[in-house]
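First up is the structure itself, then whatever we jot down about it.
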Amino acid sequence: MRLGWRYCIALAVLVAIWLAVVVKFSDKIINHGNAKSSELVEVLWWSRDMETWKYDEVRHCGINTCRITNQRHRLPMSRAVLFYGSNIKTGDFPLPRGEHHVWALLHEESPRNTPFVAHEEFLRHFHFTSTFSRFSNLPLTTQYLPSGQALTSKDYHVSFAAKSKWAFRPSVSVAFLQSDCDTMSGREDYVKELMKYVHVDSYGSCLRNKDLPERQSFQRSAVLQNDYLNNLYSPELLRFLSDYKFMIAIENAACPDYITEKFWRPLVMGVIPIYFGSPTIKTWQPNKKSAIFVNDFPHPRALAQYLVELADNQTEYDSYRQHKLNWRNPISNKILLHNLVTRQYHIGDSSPGGSLFDKFECAVCNYVINTARNVRANSRHYNCPVEPVYAHLENREMPQNVADWRSMMEVGQCQAKILDEFFQRNYSFHEADFEAELTRRMERNQCK
Numbered sequence: 089m090r091l092g093w094r095y096c097i098a099l100a101v102l103v104a105i106w107l108a109v110v111v112k113f114s115d116k117i118i119n120h121g122n123a124k125s126s127e128l129v130e131v132l133w134w135s136r137d138m139e140t141w142k143y144d145e146v147r148h149c150g151i152n153t154c155r156i157t158n159q160r161h162r163l164p165m166s167r168a169v170l171f172y173g174s175n176i177k178t179g180d181f182p183l184p185r186g187e188h189h190v191w192a193l194l195h196e197e198s199p200r201n202t203p204f205v206a207h208e209e210f211l212r213h214f215h216f217t218s219t220f221s222r223f224s225n226l227p228l229t230t231q232y233l234p235s236g237q238a239l240t241s242k243d244y245h246v247s248f249a250a251k252s253k254w255a256f257r258p259s260v261s262v263a264f265l266q267s268d269c270d271t272m273s274g275r276e277d278y279v280k281e282l283m284k285y286v287h288v289d290s291y292g293s294c295l296r297n298k299d300l301p302e303r304q305s306f307q308r309s310a311v312l313q314n315d316y317l318n319n320l321y322s323p324e325l326l327r328f329l330s331d332y333k334f335m336i337a338i339e340n341a342a343c344p345d346y347i348t349e350k351f352w353r354p355l356v357m358g359v360i361p362i363y364f365g366s367p368t369i370k371t372w373q374p375n376k377k378s379a380i381f382v383n384d385f386p387h388p389r390a391l392a393q394y395l396v397e398l399a400d401n402q403t404e405y406d407s408y409r410q411h412k413l414n415w416r417n418p419i420s421n422k423i424l425l426h427n428l429v430t431r432q433y434h435i436g437d438s439s440p441g442g443s444l445f446d447k448f449e450c451a452v453c454n455y456v457i458n459t460a461r462n463v464r465a466n467s468r469h470y471n472c473p474v475e476p477v478y479a480h481l482e483n484r485e486m487p488q489n490v491a492d493w494r495s496m497m498e499v500g501q502c503q504a505k506i507l508d509e510f511f512q513r514n515y516s517f518h519e520a521d522f523e524a525e526l527t528r529r530m531e532r533n534q535c536k
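And the structure:
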């Protein structure tokens, strides 16, 4: 009996000691956690173009908080380094690179400005990407589509009869609005040949034969004539263009998932886009028949013949506009519908933190805090071919500037290989070092 009491007392003492140890250890864990939480994770923008102003603020990203800065002296304390693709300088990288540094790339443009970005030798040095490719970490594939409601709304819809009433316009009314006149896709060459067979009202700088009006609905519209590039979806512009039956929508480059306002804007207006660009475009159209695709025709003359037939056939014409006319099921594309619900960014988001840069900063902040960084980007994260893809002309002639663009992309591949080698050495280098190596390889024909 006494042995039993002694056993119980000893057991109670052991339990008390165990509890004391647990409580003390728990206090250490809690205090350690609080100490860590008070030290904000820092995210650093690495761009010479941002050095003209100080950018240093605390950003709340859901349950996480980060310090976003452009102060380069904060590099040792930063967990992530952000790069904006269009402003990357080949001699300006934060080397030597610390093991704790996550590199993140934001690049929503085609490769025309920075051709080396398209290549895996460059991309594999980044943990996080945000590009037009659906395979990037923060995809921007449908960023130029304001909303699903914009596709189905009849705010700018004009009936077939109303589109056909204009006596001063031919039945085949085609609009072309473009100010970038030297493209990898051969856009200008294609439109110029199409103009031989159908009339095209060309606004903007390229092949211009008409001016946008200064007045619309009796109100002065500087947006239309002087600043349409910064007002892609202005009501004045949409109302003006919505009277056309067709609008040329040819991208400046043909990369998978690279889809700009050229495709979405005509659909928002209820105008049929004549599209060339992303080879994955049919994956994203609202319905199986929402646009006319240049690749479905052997040359511009065949396309023109189809436009003439379609322009006088209301039933067939409206079959392309079911996203406006089929009120029960306006959008049948489940991939597009899912994207509209799950996407993290689109133009026109005026909510706090809704800008592209805000979204990118928070996405990287959350990634650094929550994600194991053992995965790197690859070519699918940008996904543009080295060989320029262009719209075919009569007799398969090559557009005027394609050879220059091919040469540019080949140089970009050479640049990517040099950067890859420099990054692996992990020593600081300058623009002069990079240019000297590029010149040496080009002179010795060592770029391929």
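Read in our numbering, the sequence shown has 385 at position 297, and its numbers run on one by one without any break.
Note that CB positions come from ideal geometry on N, CA and C, so glycine has one too.
Computed from a prediction, not measured in an experiment: that's the story for all the values here.
Alpha carbon to alpha carbon, how far is residue i from residue j?
i	j	result
Q512	Y172	21 Å
T430	E145	28 Å
M335	N421	22 Å
K280	W372	28 Å
L320	R532	46 Å
I118	H189	Here I118 scores only 32 on pLDDT, less than 50, and its place in the model should not be relied on; the value that follows carries that caveat. So the alpha carbons of these two residues sit roughly 27 Å apart.
Q307	M530	Here the model assigns Q307 a pLDDT of 48, short of 50, so the residue's position is not dependable, and the following value carries that caveat. Roughly 56 Å separates the two Cα atoms.
S293	H161	44 Å
F364	L163	43 Å
S322	F328	10 Å
K536	D289	43 Å
K124	T153	Only weak support is given to the placement of K124: the predicted model assigns it a pLDDT of 41, under 50, and the value that follows is read from those uncertain coordinates. Going from the Cα of K124 to the Cα of T153 covers about 12 Å.
P227	T348	13 Å
V260	D521	56 Å
S241	L325	16 Å
A263	E482	21 Å
E127	A206	36 Å
T229	L428	10 Å
A342	F204	16 Å
R167	L132	8 Å
N417	L526	55 Å
Q266	Y332	16 Å
S443	L194	13 Å
Q488	G150	50 Å
M165	E130	7 Å
R147	A192	17 Å
Which whole-angstrom value is the C-beta distance of residue i and residue j, which I expect to be below 8 Å?
i	j	result
F178	H469	Residue identity check: residue 178 is Thr in the sequence provided, not Phe. Actually they are not in contact, since the Cβ atoms of T178 and H469 sit about 19 Å apart, beyond 8 Å.
N541	M272	There is no way to answer for residue 541, as the model of the chain reaches only from 89 to 536.
I419	P374	5 Å
S174	E197	6 Å
N462	R185	16 Å between Cβ atoms; not a contact.
F351	I369	7 Å
V286	L395	6 Å
G274	A479	6 Å
H411	L239	5 Å
P199	G441	With 8 Å as the limit, P199 and G441 do not qualify as a contact, their Cβ atoms being about 29 Å apart.
A465	L211	4 Å
With a cut-off of 7 Å, does the C-beta of residue i fall near any C-beta of chain B?
i	result
G436	Checking the listed chains, one finds no chain B in this structure; it contains a single protein chain.
Where does residue i fall in DSSP's three states?
i	result
T430	helix
S218	strand
N152	strand
S290	strand
H544	The structure shown does not extend to residue 544, since the chain spans only 89 to 536, so no value can be given for it.
L194	strand
D144	strand
L326	helix
F204	helix
R136	helix
E130	strand
Y278	helix
L170	strand
Y321	coil
L183	coil
D618	Because the chain in this structure spans residues 89 to 536, residue 618 falls outside the shown range and cannot be described.
I176	coil
S125	Per-residue confidence for S125 stands at a pLDDT of 40, beneath the threshold of 50, marking its modelled position as unreliable; the derived number appears in the next sentence. Of the three classes helix, strand and coil, the one that applies to S125 here is helix, per DSSP.
C450	helix
K412	helix
Taking only heavy atoms of the ligand FMN into account, decide whether any of them is closer than 6 Å to the Cβ of residue i.
i	result
C450	This structure does not include the ligand FMN; it has no bound ligands of any sort.
- Message: Contact between the region 344 to 360 and the region 404 to 413 is defined here as three or more beta-carbon pairs at a separation below 8 Å; is this criterion met?
- Response: Judged by pairs of C-beta atoms under 8 Å, the region 344 to 360 touches the region 404 to 413, as three or more such pairs exist.
- Which whole runs of the alpha helix (DSSP H) in the region 227 to 267 are 4 residues long or more, in chain order? Complete alpha helix (DSSP H) runs here, min 4: 236 to 240, 248 to 251.
- Item | At least 3 beta-carbon pairs within less than 8 Å: the region 462 to 477 vs the region 209 to 224 | Of all C-beta pairs linking the region 462 to 477 to the region 209 to 224, three or more are shorter than 8 Å, placing the two stretches in contact.
- Query: Which residue spans inside the region 328 to 410 form an unbroken beta strand (DSSP E) run of at least 3?
  - Reply: Complete beta strand (DSSP E) runs here, min 3: 334 to 338, 360 to 364.
- Item | beta strand (DSSP E) runs contained entirely in the region 459 to 534, provided each spans 3 or more residues | Listed in chain order, nothing qualifies, since the region 459 to 534 has no complete beta strand (DSSP E) run of 3 or more residues.
- Do three or more CB pairs link the region 441 to 456 to the region 242 to 256 at distances below 8 Å? No, they do not touch.
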